[in-house]
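K.L.:
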Amino acid sequence: MLDIKRIREEPELIKARIRNRGGNASELIDALLKCDEKRRHLETEKQSLQGERNSKSKEIGTKKKAGEDTAEIEIAVKNIGAELKNLSDQVEEADQTQNDLLLSLPNTPHENCPVGDDENANPLIKESGEKKEHHDELENHVQIAERLGLIDFEAGSKVAGSGFAVFRGNGAKLQRSLIQYLLDQQTSKNGYTEISPPFVVARDCMIGTGQLPKFEEDMYGIENNQLFLAPTAEVPVTNLERDKILSEDDLPIKYTAYTPCFRREAGSAGTGTRGLIRMHQFDKVELVKIVHPDNSYEELESLTGDAEHILESLGLHYRRIELCTGDLGFSAAKTYDLEVWAPGQNEYLEVSSCSNFEDYQARRMKLRFKDAETGKNRFAHTLNGSGTALPRLYVALLETYQQADGSIEIPTALRPYFGSDLIAADGS
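What follows is the structure in structure tokens.
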């Protein structure tokens with residue numbers, strides 16, 4: 002949520018920043034400012050009446066002590082009470098309208114975010130690792146998984162419909178090994194605290210991290226949409242600190258969590274629809290940071306490096322892309338995407354989006370800390386990124402480590418978890 006004070010002071014700048022995203026919020030911001038002016042006027046009226054009522058109430062007490070008649074003043078106080086009730090209702094209605102308008106505004110891109118319309122304007126920041134070239138003999142992950150009996154896509158569709166898969170035997174073992182490896186790396190090496198959160202989250206939590214109200218149709222709602230299957234561990238984990246005033250000494254807070262993730266988004270036609278590229282349910286290890294505003298961009302670089310370490314340690318070629326303004330997520334001020342190379346698909350696949358939300362989520366969640374120097378409460382900055390998403394990491398591993406004899410080599414770092422150095426050509 003944007004700061005209403007900032008919108009009052011810099012409305013044209015806010016409009017321009019949102020235009021850079023490809024949206025037009027001019028009418029919305031004008032309506033918001035009009036609502037804000039009305040709300041503040043009503044609040045001033047309310048405070049004035051409260052003062053008048055208090056003054057007359059004291060006058061009643063004085064007159065009673067003097068034995069004077071107070072009937073007329075008591076009627077006036079009663080009438081003021083009725084006016085105050087009406088004003089309070091109007092203030093509450095204006096507050097709700099203003100809050101709804103604020104919730105519908107996206108975050109403003111960071112001033113150094115590259116300006117562009119879509120993904121074609123995203124600058125390449127770096128590439129890393131040896132790139133295995135695509136050739137006709139390479140299989141894609143669907144062919145490999147079905148040949149080795151690692152994943153049963155038909156069974157997933159039979160049980161839950163399209164966009165679901167069943168991992169079997171060594172396929173399930175590889176998935177479990179990856180999850181354990183990712184968690185161990187982020188906790189033991191990078192210093193994150195592991196969280197095992199609920200997979201169901203309340204509506205307020207989804208509003209807090211920005212999935213609602215804009216993306217409600219993409220979510221799996223239950224209990225009349227008061228509860229939702231978590232679309233990402235970002236939601237339950239970040240909301241652990243909701244409605245808190247932290248000590249500055251508590252920062253930074255670094256959490257990591259494994260969860261299955263649930264999203265209704267539809268896949269595009271082709272291998273991605275049937276394979277693991279875009280699923281309604283998928284596994285992910287998430288990284289969440291709650292940090293001091295003064296160094297949140299240094300923390301973004303660190304978090305992105307923690308996600309990159311996973312790809313490097315598994316010997317996968319990847320690239321880091323910075324998202325331009327037109328490609329940014331709704332709540333983000335700045336984002337790096339990590340895209341891993343899948344030689345069988347002959348394309349890069351996004352496995353992590355690492356974002357700084359500045360105080361956008363914190364304002365929604367009322368997540369603050371007490372500044373040690375001033376003693377005042379300030380909104381924290383929140384960051385998150387995948388460390389990493391499993392399906393596309395799984396795809397890249399199968400396609401990168403496929404051997405000429407049909408077997409799959411297990412990366413060295415993963416072997417202690419998997420218990421073998423390969424999956425044989427017969428799937429054993």
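Following our numbering, the numbering of the sequence shown begins with 2 at its first residue and continues without gaps. Beta carbons are placed, not taken as given, at the ideal position from N, Cα and C, and that holds for glycine.
Which same chain residues end up closer than 7 Å to residue 39 when comparing Cβ atoms and leaving out the 5 residues on each side of it in sequence?
P.N.:
95
K.L.:
Count the other C-beta atoms from every protein chain shown that fall within 10 angstroms of the C-beta of residue 417, then say buried if there are 16 or more, exposed otherwise.
P.N.:
With fewer than 16 neighbouring CB atoms inside 10 Å of its own CB, residue 417 falls in the exposed class.
K.L.:
Hey, quick one: how far does the alpha helix (DSSP H) through residue 306 stretch, first residue to last?
P.N.:
Taken as a continuous stretch (DSSP letters only), the alpha helix (DSSP H) holding residue 306 covers 297-314.
K.L.:
Could you tell me which residues DSSP pairs with residue 320 in its beta bridges?
P.N.:
128 and 340
K.L.:
Taking only three categories from DSSP, how would you classify residue 41?
P.N.:
helix
K.L.:
Given 8 Å as the limit, is there contact between the region 296-315 and the region 363-373, that is, 3 or more CB pairs closer than that?
P.N.:
no
K.L.:
Take residue 6 and list the residues in its own chain whose beta-carbon comes closer than 8 Å to its own, dropping the five residues that flank it on each side.
P.N.:
Sequence-distant partners of residue 6 (beyond 5 residues in either direction) whose C-beta falls short of 8 Å from its own C-beta are missing from its chain.
K.L.:
Identify the continuous alpha helix (DSSP H) that holds residue 417 and give its terminal residues.
P.N.:
Segment 416-419, the alpha helix (DSSP H) holding residue 417.
K.L.:
State the start and end residues of the unbroken alpha helix (DSSP H) segment that holds residue 154.
P.N.:
154-161
K.L.:
What are the boundary residues of the alpha helix (DSSP H) that residue 208 is part of?
P.N.:
204-210
K.L.:
Given a cut-off of 9 Å on the beta-carbon distance, is the pair residue 149 and residue 405 in contact?
P.N.:
no
K.L.:
Return the residue from the list 243, 205, 310 and 26 that minimises the CA-CA distance to residue 189.
P.N.:
310
K.L.:
So residue 289 and residue 239 are in contact, right, with Cβ under 8 Å, and what is the actual spacing, rounded?
P.N.:
Approximately 5 Å separates the beta-carbon atoms of residue 289 and residue 239; this is inside 8 Å, confirming the contact.
K.L.:
Give the straight-line distance between the Cα atoms of residue 250 and residue 376, rounded to the nearest whole angstrom.
P.N.:
13 Å
K.L.:
With H, G and I counted as helix, E and B as strand and the rest as coil, what does DSSP make of residue 424?
P.N.:
strand
K.L.:
Enumerated in chain order, which unbroken segments of the beta strand (DSSP E) with a length of 3 residues or greater are wholly contained in the region 62-144?
P.N.:
You should have 125-129.
K.L.:
Among 48, 57, 206 and 3, which has the Cα closest to the Cα of residue 435?
P.N.:
No statement about residue 435 is possible, as the shown extent of the chain runs from 2 to 429 and does not include it.
K.L.:
So what does DSSP say about residue 411, is it helix, strand or coil?
P.N.:
coil
K.L.:
Please state the DSSP three-state secondary structure of residue 214.
P.N.:
If DSSP states are grouped into helix, strand and coil, residue 214 belongs with coil.
K.L.:
What residue from 364, 390, 393 and 388 has the CA that sits closest to residue 379's CA?
P.N.:
364
K.L.:
Find out if the Cβ-Cβ distance for the pair residue 326, residue 22 is shorter than 9 Å.
P.N.:
yes
K.L.:
Can you tell which of 111, 115, 222 and 257 has its C-alpha closest to the C-alpha of residue 357?
P.N.:
111
K.L.:
Could you pull the start and end residues of the beta strand (DSSP E) that residue 282 belongs to?
P.N.:
282-292
K.L.:
For residue 8 versus residue 43, is the C-beta distance shorter than 9 Å?
P.N.:
no
K.L.:
Please state whether the Cβ-Cβ distance between residue 168 and residue 280 is less than 9 Å.
P.N.:
no
K.L.:
Determine the direct distance from the alpha carbon of residue 244 to that of residue 127, and round the result to whole angstroms.
P.N.:
Their Cα atoms are separated by approximately 38 Å.
K.L.:
Apart from the five residues just before and just after residue 344, which ones in its own chain have a Cβ nearer than 7 Å to its Cβ?
P.N.:
Here the set comprises 133, 134, 135, 139, 400 and 401.
K.L.:
In three-state DSSP terms, what is residue 273?
P.N.:
With a pLDDT of 45 at residue 273, under the threshold of 50, the modelled position of this residue cannot be trusted, and the question is left open.
K.L.:
Suppose you measure from the CA of residue 253 to the CA of residue 307; what does that come to, to the nearest Å?
P.N.:
15 Å
K.L.:
Mark residue 214 as exposed unless 16 or more other C-beta atoms lie within 10 angstroms of its C-beta, in which case mark it buried.
P.N.:
Counting Cβ neighbours within 10 Å, residue 214 comes out exposed, since fewer than 16 surround it.
K.L.:
Rounded to a whole number of angstroms, what is the C-alpha to C-alpha distance between residue 163 and residue 257?
P.N.:
29 Å
K.L.:
For residue 341 and residue 265, I'd like the C-alpha separation in whole angstroms.
P.N.:
24 Å
K.L.:
Would you call the region 60-77 and the region 24-32 in contact, with 3 or more CB pairs under 8 Å?
P.N.:
Too few Cβ pairs lie closer than 8 Å, so no.
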